[in-house]
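So the structure is just underneath, and the comments pick up after that.
2 protein chains.
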Amino acid sequence: MASITPLILVGGAGKRLWPLSRESMPKQFVPLLGTQSTYQQTLQRVADSGLFSRPIVATSDAYRFMAEQQAREIGTDVEILVEPMRRDSALAIAAGAAYAAKRGAEAVLALASDHLVIGADEFRAGCREGLEVSRRGGIATFGIPPTEPKTDYGYIRPAGEKIGTALKVAAFVEKPNAQTALRYIAEGLLWNSGNFLFPPRLLLAELARFEPAIAQSAEAAIRDSRTAGNAIFLDKAAFEASPAKSIDYALMERTDKCWVIPARFRWSDLGTWDALLDVGDADSAGNVTDGPVELDHVRNSYIRSDGPLTAVIGVEEVVVVAMGDAVLVGHRSNLPRLKDVVERMTKGKHRAATEHAVMHRPWGSYQDIDRGERFRAKRLSVNPGGKLSLQSHSRRAEHWVVVRGIAEVVLDGTISTLHENESIYIPMGGIHRLMNPGKEQLEVVEVQTGDYLEEDDIVRYEDVYARV
Amino acid sequence: MASITPLILVGGAGKRLWPLSRESMPKQFVPLLGTQSTYQQTLQRVADSGLFSRPIVATSDAYRFMAEQQAREIGTDVEILVEPMRRDSALAIAAGAAYAAKRGAEAVLALASDHLVIGADEFRAGCREGLEVSRRGGIATFGIPPTEPKTDYGYIRPAGEKIGTALKVAAFVEKPNAQTALRYIAEGLLWNSGNFLFPPRLLLAELARFEPAIAQSAEAAIRDSRTAGNAIFLDKAAFEASPAKSIDYALMERTDKCWVIPARFRWSDLGTWDALLDVGDADSAGNVTDGPVELDHVRNSYIRSDGPLTAVIGVEEVVVVAMGDAVLVGHRSNLPRLKDVVERMTKGKHRAATEHAVMHRPWGSYQDIDRGERFRAKRLSVNPGGKLSLQSHSRRAEHWVVVRGIAEVVLDGTISTLHENESIYIPMGGIHRLMNPGKEQLEVVEVQTGDYLEEDDIVRYEDVYARV
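Set out below in structure tokens:
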């Protein structure tokens, strides 16, 4: 039987990777490297059913459908712990541990969903070592041998005692300045990757010693949870009762049961665009490129386009990320300022500061393709089995043209089936629903006309995703 | 009666202002500054009917509809000399002179369509001085008092003789190196702006002395031209017989009849993006911005977005131009390389290297708004009175939704009138035509489905623009 239960943590907004990462679809769901998101790559990493059991994903209501859909896309079955609010990592991991314990898990592997790991075999070998630590009553953490004196990571100081290659932790230390970081490297300290493996009951017991309120909240959040399908909605009152602390601060820096496994895989937290330059395959001028880009006299730069033809001439040490609706140009040394800049653009009410062109919904996604004075055109993409709510609009009519797949349309009580190249007209006020009864994706071009064309002109009569 | 006949020269592709300027719609037709194109601004500059008569526009077949439409947009009536091929400026100006002479013009003002002039009164005052020069048997050229030692302009050396403020030209000199340019400024030389005012018969007579083949070709091209509406199609054989030389090389550097008027207006040839930084209103950090951009620690840069939300952080002396389908990032000192880069991208078959998202047609314009495996969506914008060809497609069907204005549709011999929020289906093989019978713009969202969706799947049966 599989011994390790993965607990995938799907958290924040990832503003430091704007414009690819935005609040509407943060970095863990975006294909930063290759065709899969880091969340999907994380799930793939724990897909070995001899070692890992079905993953638990901890996320918020805003991201649960995306977490489910992206797991389904790669054929992975997950359980989703829906956090009623953000309360930092200690509570999220503790609630995951409590749920895994209830499920009878021997060991839990808490993994960030937005990290990059290169070396799947080495990763699994590390997990096996962590399992051995946990069987001997320890909490294992993965330490990364530093390659440069980073000042934005915490470090771990190992002591002499060993279990296999795992070393007893002497101390977790805070982010250092540059000089201290150099000393840490010389002294053999490791980067703290923030990924842990532990027996769930041990973690809860240790947490109960240092942060009893968090441990109690975690147990209560699971005890009073509500289950719907594969989603477990954690109790809101329990969450509200908990302090918000990071797992490092709440537990790791205080327990004496920690062991660190020096990682033999390559790792990055993909915290800034600079990380993509570090992990990518650079050309002879030190550039990493992706997409339709043309460089001329460019050095040590990361140039990426997810669509627009992008010409870059005569610059060094820059990051350029071009999308159809948003562009970033930044000097590498100033990238830490990106978060503030995105916050400023958000305050400036720029839609693209927080929203992607493609908006995800439980039934699939849509994107604006055109907009004018009294009209708006969208492409709707409906997953197999997906079903929009039964709805009506008071100020717009809609024309639907099916361009791929099969649509089942309800209009004022009448059901029609539409194939590719067929269309239907939804008059203003008509009560309608769109479904995909087929096995392939349904794509519909929707042309709306009217004097008000925003999302809030909608009356929902029924919704399989409980949004009525 | 108006004394000066403007001859507006609408030429090349303007690769140095990519991506705003592209082969499908070069810089003179693009609103570089403000809401009008420089071509329209040039027409406005000669709209004083007391001084200027109806303008003649010399251009190629590729741009004649755009030249006509943009003139109509600002209520200007033009005649268009359609050049059968590009044969450099000497022939274009000589043909324009021959046509103007035939029309009885006293003086011709040859103007580039892609220059910026600030100071309409000073410009007209200069033209009046040029008219005086031409009445006294001279060719007047506008010389720009240099503001910096430019190495990419030719210079004009004035002599002492005067007509008003016009100075006899001692010599036209080639583009200097930086040191020579400094000396030229000290010696009182002026930039050659390439705009001239002359009696048409005098220009042709002088040209006949130095380049008789060009002068003869120009006369023959007009004599054997064909007129259709306001377009005069110049004779191809005559053009083919002519050498291709610039007017400076063919005539100005050789004639002794040239006078230079020191310009009192501000002028730029808008030759590179740097020019936009020179003529724009810079903020306290030396930046000129346009569109939805957010800057942070940026200096002496030109940042422009025609759509995408654009964040620029920590760079200096750069040009960033962002459009939905193309992006330029360049250091100012390397901008002369842009032309080569655009040529490389053109060879690389990148559509956006040469074509804009909006494609202009005699009846209006269209743009792709979405594209998938077996479908393509466009927005068609049809001018009042505009009429697409009577056509059919063998591999696609089309759905049209009128989103603005009134459409008259012919489908297999049946005429229908469609208003906003009405739609029609054009089956594969259906013989159809779309017209705008109204007084406002007609906008149609077109959804094509089929297995081949390119422009060349078209049979044209009739076309009011003679494209059958």
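Those protein sequences? They're chains A and B, same order as listed. Quick note: the first sequence, position 49, residue 38 per the numbering used here, numbers continuous. Quick note: the second sequence, position 320, residue 309 per the numbering used here, numbers continuous. Using N, Cα and C, we set each Cβ at its ideal position, and we do this for glycine too.
Taking Cβ-Cβ distances shorter than 8 angstroms, what residues in chain A pair up with B:T438? V390, V392, E409 and N410
Kindly identify the DSSP beta-bridge partner or partners of A:I(-7). A:F41 and A:A96
Out of curiosity, what's the CA-to-CA distance linking B:L156 and B:V(-1)? 28 angstroms
Answer yes or no: does any C-beta atom of chain A fall closer than 8 angstroms to that of B:H349? no
In terms of residue numbering, what span does the alpha helix (DSSP H) encompassing A:I211 cover? P201 to R212
Quick one: give me the first and last residue of the alpha helix (DSSP H) that B:N59 is part of. Per the sequence shown, the amino acid found at residue 59 of chain B is Gln instead of Asn. R53 to E62 is the extent of the alpha helix (DSSP H) around B:Q59.
Spatially closest choice to B:Q33 from B:D66, B:A47, B:A51 and B:W7, by CA coordinates: B:D66
A:Q17, buried or exposed, once every other Cβ within 10 Å from all chains shown has been counted against 16: buried
Tell me the rounded alpha-carbon separation between A:V371 and A:D445. 20 angstroms
Under 8 angstroms Cβ to Cβ from A:Q380, same chain only, skipping five residues before and after it: list those, please. I420, H421, R422, I447, V448, R449 and Y450
Just mark A:E150 as buried or exposed, buried being the case when its beta carbon has 16 or more other beta carbons within 10 Å. exposed
B:M312 by DSSP, collapsed to three states: which one? strand
Would B:I146 pass as an interface residue toward chain A - the criterion being a Cβ-Cβ separation below 8 angstroms? Strictly speaking, residue 146 of chain B in this sequence is Arg, with Ile absent from that position. Not an interface residue.
In whole angstroms, give me the CA-to-CA distance for B:L21 and B:L9. 8 angstroms
Which residues of chain A have a Cβ atom closer than 7 angstroms to the Cβ of B:T335, listed in chain order? Near B:T335 there are no residues of chain A at all, since even the closest Cβ is about 10 angstroms away, more than 7 angstroms.
B:I82 in three-state terms, based on DSSP: helix
Please report the residue range of the beta strand (DSSP E) in which B:A227 lies. Taken as a continuous stretch (DSSP letters only), B:A227 belongs to no beta strand (DSSP E), being part of the alpha helix (DSSP H) at K225 to E229.
Nearest-angstrom beta carbon gap, B:V331 and B:A342 [assumed within contact, 8 angstroms]: 6 angstroms
B:V331 - containing alpha helix (DSSP H), residue span: L327 to K336
B:G313 touches chain A at which residues, Cβ-Cβ below 9 angstroms? G296, P297, G313 and D314
A:Y52 to A:R172, Cα distance in whole Å? 41 angstroms
Would you identify the three-state DSSP class for B:V268, choosing helix, strand or coil? helix
Chain-ordered chain B contacts of A:I133 [CB-CB under 7 angstroms]: In chain order: nothing, as chain B lies at least about 28 angstroms away.
Whole-number beta carbon distance between A:P251 and A:P134, since they are thought to touch under 8 angstroms: 6 angstroms
Terminal residues of the continuous alpha helix (DSSP H) containing A:Q168? A167 to A175
Please list, in chain order, all residues of the same chain as B:D279 whose beta carbon is under 6 angstroms from its beta carbon, the five residues on each side excluded. R293
Which of helix, strand or coil DSSP assigns to B:K234: coil
Along chain B, in chain order, which residues have C-beta atoms closer than 8 angstroms to that of A:V19? Result: empty, since nearest Cβ-Cβ is about 17 angstroms, beyond 8 angstroms.
What is the residue span of the alpha helix (DSSP H) that A:F112 lies within? A109 to R124
Please identify the residue among A:E435, A:A455, A:Q430 and A:P373 whose C-alpha is closest to the C-alpha of A:I413. A:E435
Name the chain A residues that come within less than 7 angstroms of B:P281, Cβ to Cβ? H339
Can you tell me where the alpha helix (DSSP H) holding B:A529 begins and where it ends? The requested residue 529 of chain B does not occur in the structure, where chain B is confined to residues -10 to 457.
If we define contact as Cβ-Cβ less than 8 angstroms, is A:Y414 a contact residue for chain B? yes
How would you write the range of the alpha helix (DSSP H) that B:L32 sits in, first residue to last? T27 to R34
Rounded to the nearest angstrom, how far is the Cβ of B:A99 from that of B:N184, given a contact under 8 angstroms? 6 angstroms
Please classify A:E429: does DSSP put it in a helix, a strand, or coil? coil
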